[in-house]
Amino acid sequence: MNRIWNSIVGKLWVTILLLVSFVLFIVTVLLLEFLGNFHSETVEETLHNEANMIARIFNDHEGESTLSIVGEVLGDETNAVIAEEPGSISYFLHDGLNGEEIREKIISEPEFQSVFESDQPVTKEMLLPSLTESDRMESYIVMASPLQTNDELHGTVFIYQSLEVMDRTAERTTNIVFLSAFLALLLTTIFAFFLSTRITSPLRNMREGAFELAKGNFDTKVKVSSGDEIGQLAIAFNQMGRQLKDHVEVINQEKEQLSSILTSMADAVITFNQDKTVLLSNPPADKLMYQWLQKGGNADVNTLPPEMLHMLDHVLTFQEEIEEELEIEGAYYAINFSPLYSGQSVRGAVAVLHNMTEQHRLEKLREDFIANVSHELRTPIAMLQGYSEALLDDVGASDEERDEMTKIIYEESQRMGRLVTDLLNLARMESGHMRLYKQLVQFNTVIERMTNKFAQAAKENGIALSFTTNLDDWTAADLDEDRIEQVMTNLIDNALRHTPQGGQVYVHVEQTGDYAKVSVNDTGAGISQEDLAFVFERFYKADKARTLGKGGTGLGLAIASNIIKAHAGDIHVESTLGKGTSFIFTLPIMKM
């Protein structure tokens with residue numbers, strides 16, 4: 002039933018059926034009432050005419066032939082009783098099962114007694130025994146009419162008829178009405194379904210088309226089968242589908258464009274709802290929130306640091322833009338919060354986070370660099386200035402003292418020159434402008450030659466220098482020999498300078514996969530664990546006193562690291578305080 006009622010066909014069908022049923026009901030009630038009244042009036046008129054006819058028959062005929070004539074004239078459903086005197090029965094026609102009882106009740110009815118004395122007929126409906134069944138009462142219509150012959154009153158004729166005739170007539174009429182109602186409902190159903198099909202068929206098509214539109218099939222069209230309102234609705238539906246397709250394409254293009262912009266942005270972008278939940282974020286923001294989540298948060302807004310939550314509350318409460326630079330979890334961010342409006346009300350906020358950590362690091366490096374350069378240059382400049390003034394003031398008492406001052410000035414100027422050269426080389430390397438002149442060389446031969454260059458210096462300092470390898474002699478590498486020699490010179494020179502007399506410095510080469518592993522080891526004082534992470538930074542010296550007077554600039558290891566990385570290799574340091582240090586680097590090799 003629900004399925005029928007939920008359908009337009011069912012609703013239209015039920016509505017028409019209810020309308021037709023209501024109309025038929027009203028018509029039936031009125032028709033039965035009309036037929037009942039009409040039948041009663043007809044019966045009364047018939048009885049009145051039959052009474053007048055009996056009076057005329059009695060007036061025109063005499064004797065027993067009069068009754069036979071009257072019996073032939075009366076209908077089968079009509080009975081008659083003739084009483085010449087009140088309370089007495091002179092004649093009766095058409096007797097039945099309870100005819101005597103009926104006649105006694107009729108002639109004794111008080112309302113009929115006045116007819117014997119007047120010429121006015123009296124009609125009454127009475128409940129009398131049935132003429133066809135015993136122990137059953139029926140309704141009769143009885144008319145008492147004066148019997149006049151030759152203008153003289155000779156008694157009263159009582160004509161009565163059972164109302165079952167009228168009931169049967171009403172029943173037949175009702176059956177006819179119900180049959181007509183059934184045919185009308187049947188025809189109405191056929192007409193309703195035919196009409197509703199004509200109406201609902203295009204509506205079903207539009208419903209299916211609407212479902213297709215809901216699925217995203219915006220090319221769906223419905224057939225326009227008429228020029229009426231339904232046809233116009235179909236035309237409007239097709240136009241709506243085309244417009245929806247155009248709008249969705251525009252929205253998708255804008256969405257893809259926005260997504261591409263957000264994805265390509267290096268800054269983190271996070272959009273918040275009014276309840277502080279995250280609506281949208283780009284990959285840098287996802288990565289950043291994941292890092293915060295790993296450090297303690299567990300859901301949406303809880304992943305935000307307290308500083309950002311405070312800024313978000315301020316934006317949502319006061320509806321104003323905020324721009325701050327904060328340190329969060331050891332990183333520096335320039336954060337801009339702006340409210341998002343929906344009409345006149347704020348529906349959320351958008352945060353843009355620019356990572357300033359690298360800028361802060363570079364700024365600190367710049368400051369440290371300036372401080373280190375100033376520090377490194379201050380000593381030689383002070384010495385140059387002091388000894389120059391001494392020479393100008395002719396402080397030296399002898400030629401030997403003046404020569405010593407001149408030598409110190411020369412050495413300090415050379416030191417400044419090396420420092421400037423190293424700075425220029427390092428700047429060129431870190432800016433990516435270093436050019437490598439690679440060629441294929443035998444790896445063992447090159448490293449051994451570079452080691453042997455320091456044999457004499459090691460012998461003079463009382464240090465044992467050795468070279469070992471387990472590489473094949475035909476192992477080759479594509480490298481810039483001059484640059485690698487610069488690395489080896491720096492590492493071996495450092496090892497010799499920081500190894501006491503009687504110590505050892507040994508260079509070992511071995512193969513590790515597709516790489517050659519070169520380690521420069523010494524038995525010097527070593528480097529503390531706190532300083533190991535900083536040895537490759539420029540101007541960093543684990544022990545400031547160790548390089549004093551030894552010509553070091555603090556840039557050699559930084560230059561070596563850049564050269565090895567430019568050769569697609571790696572360099573690191575291992576050291577144990579008091580036992581020695583090992584500088585290890587790897588370079589790609591090939592078999593010849």
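Numbering-wise (this note's numbering), the sequence shown opens with residue 2 and increments by one. Even glycine gets a Cβ: it sits at the ideal position worked out from N, Cα and C.
Of the residues Leu-128, Ala-477, Lys-277, Met-290, the one whose Cα lies closest to the Cα of Thr-446 is Ala-477. Residue state for Met-357 is assigned as coil, using DSSP reduced to three classes. Residue pairing of Lys-296 in beta bridges, as defined by DSSP: absent, with no partner found. Under the three-state reduction of DSSP output, Phe-194 falls in the helix class. One Cα belongs to Ile-231, the other to Lys-222, and the distance between them is close to 14 Å.
Per DSSP, Ile-108 is one residue of the alpha helix (DSSP H) stretching across 100 to 108.
Using a 10 angstroms sphere on the CB of Gln-440, the tally of other CB atoms stays under 16, which defines it as exposed.
In the DSSP assignment, Leu-259 falls within the unbroken alpha helix (DSSP H) covering 230 to 265. In the structure shown, Gly-527 falls within a coil segment according to DSSP collapsed to helix, strand and coil.
For Asp-515, no beta strand (DSSP E) run applies, since DSSP gives it neither H nor E. With fewer than 16 neighbouring CB atoms inside 10 Å of its own CB, Ser-226 falls in the exposed class. The shortest C-alpha to C-alpha distance from Gln-415 to any of Met-384, Leu-184, Tyr-438 is the one to Met-384.
Cβ atoms of Leu-480 and His-573 stay farther apart than 8 Å, at about 19 Å. Secondary structure remark: continuous beta strand (DSSP E) runs of at least 3 residues inside the stretch 14 to 47: none found.
Inter-residue distance for Leu-129 and Arg-137 is about 9 Å (C-alpha atoms, whole angstroms). Using a 10 angstroms sphere on the CB of Ala-350, the tally of other CB atoms reaches 16 or more, which defines it as buried. Shown here for Gly-242: same chain residues with a beta carbon closer than 8 Å to its own, the five before and five after excluded, namely Gly-210, Leu-214, Phe-219, Asp-220, Thr-221, Lys-222 in chain order. Fully enclosed alpha helix (DSSP H) runs of no fewer than 4 residues occupy 284 to 295, 307 to 319 of the stretch 268 to 341, in order along the chain.
Across the structure, Tyr-516 and Leu-588 are spaced so that their CA atoms are roughly 5 Å apart. Per DSSP, the beta-bridge partners of Phe-159 are Val-82, Ala-145. Val-521 sits away from Val-510, with the two beta carbons spaced by 8 Å or more. Residue ranges of uninterrupted beta strand (DSSP E) with 3 or more members, entirely inside the stretch 467 to 497 and ordered along the chain, are 476 to 480. If you ignore the 5 residues before and after Ala-459, its C-beta comes within less than 8 Å of the C-beta of Ala-465, Leu-466, Leu-497, Val-506, all in its own chain and listed in chain order. Going by C-alpha positions, Ser-89 is about 28 Å away from Glu-165. In the structure shown, Tyr-507 falls within a strand segment according to DSSP collapsed to helix, strand and coil. Boundaries cannot be given for Lys-580, as no beta strand (DSSP E) includes it and DSSP labels it neither H nor E. Comparing alpha-carbon positions, the option among Lys-408, Gly-503, Gln-487, Glu-486 lying closest to Glu-461 turns out to be Gly-503.
Val-508 places its beta carbon less than 8 Å from that of Ile-448. By the Cβ rule, the stretch 339 to 348 counts as touching the stretch 307 to 327, because three or more pairs are nearer than 8 Å.
Under a 10 Å Cβ-count criterion, Arg-104 is classified as buried, with 16 or more other Cβ atoms of the shown protein chains found around its own Cβ. Just so you know, the alpha carbons of Ala-193 and Ile-200 end up roughly 10 Å apart. Segment contact: the stretch 573 to 586 against the stretch 526 to 534, three or more CB-CB distances shorter than 8 Å; contact assigned. Contact annotation: Lys-365 and Leu-313 have beta-carbon atoms that are not nearer than 8 Å.
Three or more pairs of CB atoms, one per stretch, sit closer than 8 Å, so the stretch 139 to 150 contacts the stretch 111 to 131. Bridge partners of Val-442 according to DSSP: Ala-478. Asp-532 carries a helical assignment under DSSP once its states are collapsed to helix, strand and coil.
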